[in-house]
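Note that this note's numbering has the sequence shown beginning at 21, numbered continuously upward. What follows is a short report on a single structure.
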Amino acid sequence: MSLKFASVRAPFAPRFARAAGSALRLPLLASLLALGIAAGSALAPAGEAHAQAGQPAPEAVTATVRKALEPVVRGRKVDEVRRTPVPGMYEARIGNELLYIDEKGQYLFWEGDLIDLKAQRNLTQERVEELMAIRFEDLPLDLAVKQVIGKGTRRIAVFEDPNCGFCKRLRADLVKLDDITIYTFPMAFLAADSDSKARKALCAADPVKAWNELLLSNRLPDNAGTCSTSIEKVRDLAQKLGITGTPVVFFENGKRLSGYEPPERFSQRLANNSRKS
21 MSLKFASVRA
31 PFAPRFARAA
41 GSALRLPLLA
51 SLLALGIAAG
61 SALAPAGEAH
71 AQAGQPAPEA
81 VTATVRKALE
91 PVVRGRKVDE
101 VRRTPVPGMY
111 EARIGNELLY
121 IDEKGQYLFW
131 EGDLIDLKAQ
141 RNLTQERVEE
151 LMAIRFEDLP
161 LDLAVKQVIG
171 KGTRRIAVFE
181 DPNCGFCKRL
191 RADLVKLDDI
201 TIYTFPMAFL
211 AADSDSKARK
221 ALCAADPVKA
231 WNELLLSNRL
241 PDNAGTCSTS
251 IEKVRDLAQK
261 LGITGTPVVF
271 FENGKRLSGY
281 EPPERFSQRL
291 ANNSRKS
């Protein structure tokens, strides 16, 4: 198991892909310990650092971090530098990607999530979710297939591909919920027949029933699939939202969930995010 902890002054190829639900990695813990040793007496008291977490870094630190990072991130700009709960460590944001670096711009965490072990919180995941949140009201809901279960007072938007295995598992969980309105945005990119399958479902007399049967039973309606659909516009929307895989769920407060979560965890997330923030 390699340690993803490097000197910024040494040549390396940073990877900026991040899974929003990545688990705690042992290399990160080792890296945190390494940073503590490297920073030594220069670190501020832990309580003070925790209280200042999320605040902008001092201008001098921001300048140092940008000077250290920008030459090695292939021309991309550091948009923001913020304090973290870890004394001496700062969050550098490049678009929606997060890196962690010391105040002298020498040591960089280029892979791994920042975990609050005491509170059992993935701070990186929370920050990424914050950056990738949207305004639910801005979604073009007229492009979606609308299904109301019960009163439908809770709302979610789901991006699914008919050939996505985890979409099928999610759909099986969703139809068991109550008091929810599901806006399904049909994607068609995983396989050669995704497009034809999606079109047949959308061209059915009852698109809601057809989409559910397609994902749950792999049952296709008997039609040519040649009606006008929203697939092209949904594809453009997904690109705009940075969606590169399925399933993706947007909750009513704008928070995003990429990938599948088991029913109990999803229900808790739904409860937490159905209240607008």
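By construction, the Cβ of each residue, glycine as well, lies at the ideal position given by its N, Cα and C atoms. This structure is a prediction, so every number in the text was calculated from the model and none was measured.
- The shortest CA-to-CA distance from LEU163 to any of ASN142, PRO206, ARG141, ARG276 is the one to PRO206.
- Between the stretch 269-282 and the stretch 237-256, the count of Cβ pairs shorter than 8 Å is below three; the stretches do not touch.
- The beta carbons of ILE251 and ARG219 sit closer together than 8 Å.
- In its chain, beyond the 5 residues on either side, TYR203 have a beta carbon closer than 6 Å to the beta carbon of LYS166.
- Per DSSP, GLN259 lies in no beta strand (DSSP E) segment; the continuous alpha helix (DSSP H) that holds it begins and ends at 251-260.
- For LEU222, the enclosing alpha helix (DSSP H) has its first and last residue at 214-222.
- Taking 8 Å as the cut-off, the Cβ atoms of LYS217 and LEU234 count as close.
- For PRO76, the three-state secondary structure derived from DSSP is strand.
- Of the candidates ARG191, PHE286, PHE156, PHE156 places its Cα closest to the Cα of PHE270.
- Straight through space, the alpha carbons of PRO107 and LEU143 are spaced by roughly 15 Å.
- Looking at the DSSP output, ASN142 shares a beta bridge with ILE135.
- If you look at ASP122, you'll find it in the beta strand (DSSP E) that goes 117-122.
- Contact between GLU272 and ASN243 fails: their C-beta atoms lie close to 33 Å from each other, not under 8 Å.
- ALA112: not part of any alpha helix (DSSP H); member of the beta strand (DSSP E) spanning 109-114, first to last residue.
- Under DSSP, the beta-bridge partners assigned to THR201 are VAL168, ARG175.
- Closest option to LYS97, judged by alpha-carbon separation, among MET109, PRO78, ALA80, LEU118: LEU118.
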